[in-house]
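Worksheet: the structure to be examined is printed underneath.
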Amino acid sequence: MGACRAGYTANTWNNGFTANVTVTNTSASAVNGWTVQWSWSGNQRVTNAWNATVTQSGADVTARNVSYNATIAPGASVTFGFQGTYSGTNQAPARFTLNGAACTS
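Residue 97 in the UniProt record's numbering sits at position 97 of the sequence shown, and the numbers go up by one each step.
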């Protein structure tokens, strides 16, 4: 689709965490409807989310826009967040995609 940059920040405690993902549209065209995907390297589970509809199957996570943030203008960003659980290490995702295209970090 278009070029993107993704940032990930997390606040972690015992066996839980909250995280925010910010995706910036670095292309010259608007993104109309977005899907952001990533995979966990550990056993993290998303338990709830805001500013996106998030589903998880095994280690693979998919976040889709909600009605009020479906368009990302050129140079603009969208941020969504979620809460999750884990045991062991809460490693940040290594790679994010926007509508199937890899984002830089």
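Beta carbons are placed, not taken as given, at the ideal position from N, Cα and C, and that holds for glycine.
These numbers come from a predicted model, not from an experiment.
Three-state class that DSSP yields for residue i in the structure shown
i     : result
Tyr86 : coil
Ser77 : strand
Asn69 : helix
Ser57 : strand
Asn51 : coil
Where the beta strand (DSSP E) containing residue i begins and where it ends
i     : result
Phe96 : Taken as a continuous stretch (DSSP letters only), Phe96 belongs to no beta strand (DSSP E), as it is neither H nor E.
Gln44 : Looking at the DSSP string, Gln44 is not in any beta strand (DSSP E), and its letter there is neither H nor E.
Ala19 : Gly16 to Asn25
Gly7  : Cys4 to Trp13
Beta-carbon proximity check, residue i vs residue j, cutoff 8 Å
i     : j     : result
Asn25 : Phe17 : no
Val23 : Ser77 : yes
Ala94 : Ser41 : yes
Alpha-carbon spacing of residue i relative to residue j, whole angstroms
i           : j      : result
Asn90       : Ala101 : 25 Å
Val21       : Gly84  : 13 Å
Ala19       : Ala52  : 13 Å
Val31       : Cys103 : 14 Å
Thr79       : Ser87  : 26 Å
residue 128 : Asn48  : As shown, the chain starts at 1 and ends at 105. That puts residue 128 outside it, with no answer to give.
Ala92       : Gly81  : 14 Å
Leu98       : Cys4   : 7 Å
Ala28       : Asn14  : 42 Å
Asn69       : Tyr8   : 18 Å
Gln44       : Ile72  : 28 Å
*For the 8 Å Cβ check, are there 3 or more pairs between the segment 62-82 and the segment 21-40?*
With the rule of 3 Cβ pairs closer than 8 Å, the segment 62-82 counts as touching the segment 21-40.
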